[in-house]
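Okay, so here's the structure we're looking at.
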Amino acid sequence: MSSSISEVTRVVLVTGAAGGLGAAVARRLAEPGTALVLCDLDPAGLETVAGSLDGTPVRTQVVDVGDAAQVDAAVATAVEEFGGLHVMVNNAGVIAPNARLHNLTAADWDLQLRVNLMGVVHGTTAAIRVMRKAGGGSIINTASVAGLTAWAYAAPYCATKAAVVHLTKVAAVEYAKERIRVNCVCPGTFESGMSAKIPREAMAAMEAKHPLGFGTPEDLAGAFAYLAGDESRWTTGAAIVVDGGYAAP
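Under the numbering used here, the first residue of the sequence shown is numbered 1, with each subsequent residue one higher.
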């Protein structure tokens, strides 16, 4: 952790930051002048990512995004420790189990609704409260091409990611006049701890549908960097697809 807090000009909060895409986004956004608040349920993973960000002011916080109070506390950490919140990355998500609709339980739905949808609702709401007072900011939600297309055996995931896409658009319309931009990134399948839970046969079939093959978290991080920066100042309500060509046909 760097001690150069006085030099901070941009504060970024990333959920689901302990590994995979969240870690790649954190590393990509760790530019000079940026401070990071990294949140996840995995404290050891958070410390590993934070330790890789030499020279960047970082705070880590164990957060269950399904709990609004914990998300509010993380945003409060950004404000209290670094003076504000300029970029909110709602990235935490889960996908489990892989089953047909009639085999899914209420608990299966509840988990993905709680994390994938309500986690984004909580993060977006908490960020908006701060950004309205500050005169603007950028909120970036991790959606999925699964929210734009239909994946068999993944009804809760598809449904929650579709909801994230539409929530993003509604928030963008509601807060554009207050200079709060809200966008989402829709990844295709990439190598991660989440994709590792998908059966091998299903992964092979899915890879065949990606003309460029599976990506990596680093392949996706650039889209987040664009939406976090001033280059995207005229971009809001967008669902940016980065999927190796999956949705092209």
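Backbone N, C-alpha and C fix where the C-beta goes; we use that ideal spot for every residue, glycine too.
Asked: For D40, the first and last residue of its enclosing beta strand (DSSP E); Found: T34 to D40
Asked: Which listed residue (A96, D108, G123 and A24) has its alpha carbon closest to that of Q70; Found: G123
Asked: Beta-bridge pairing of L148 - partner residues as DSSP gives them; Found: In the DSSP output, where bridge partners are listed per residue, L148 has none listed.
Asked: Cα-Cα separation between R233 and N103, rounded to whole angstroms; Found: 45 Å
Asked: Where I128 falls: helix, strand or coil (DSSP); Found: helix
Asked: Backbone CA spacing between L117 and G55 [nearest angstrom]; Found: 33 Å
Asked: With 16 other Cβ atoms within 10 Å as the buried cut-off, status of P217; Found: buried
Asked: Own chain partners of K169 with C-beta closer than 6 Å, once the 5 adjacent residues on each side are dropped; Found: G237
Asked: Top-ranked residue by Cα proximity to A150, from A159, T142 and A134; Found: A159
Asked: Anticipated Cβ contact below 8 Å, L46 with R27, distance rounded; Found: Between R27 and L46 the Cβ distance is about 13 Å, and since that is not below 8 Å, they are no contact.
Asked: Cβ neighbour criterion (16 or more within 10 Å) applied to D230; Found: exposed
Asked: CB contact flag (V37, T9, <9 Å); Found: no
Asked: Residue environment, V182, which counts as buried when at least 16 other CB atoms sit within 10 Å; Found: buried
Asked: In chain order, each beta strand (DSSP E) run of at least 3 residues that lies wholly inside the segment 131–188; Found: 137–142 and 180–187
Asked: Beta-carbon gap between A44 and A18 smaller than 9 Å; Found: yes
Asked: Bridge partners - R10, DSSP secondary structure assignment; Found: T34
Asked: Secondary structure of Y246, DSSP reduced to three states; Found: coil
Asked: Segment contact flag, the segment 123–136 with the segment 83–91, C-beta cutoff 8 Å, min 3 pairs; Found: yes
Asked: N- and C-terminal bounds of the beta strand (DSSP E) containing M256; Found: This structure cannot speak to residue 256, because the chain is shown only from 1 to 249.
Asked: Range covered by the beta strand (DSSP E) that runs through T105; Found: Premise fails: T105 is in no beta strand (DSSP E) and is neither H nor E.
Asked: C-beta atoms of V89 and T15 nearer than 9 Å; Found: yes
Asked: Proximal residues to A162 (C-beta, below 7 Å), its chain only, five neighbours per side dropped; Found: G147
Asked: V58 - containing beta strand (DSSP E), residue span; Found: V58 to V62
Asked: Host alpha helix (DSSP H) of V115 (start-end); Found: Unbroken run through V115: none, as it is neither H nor E.
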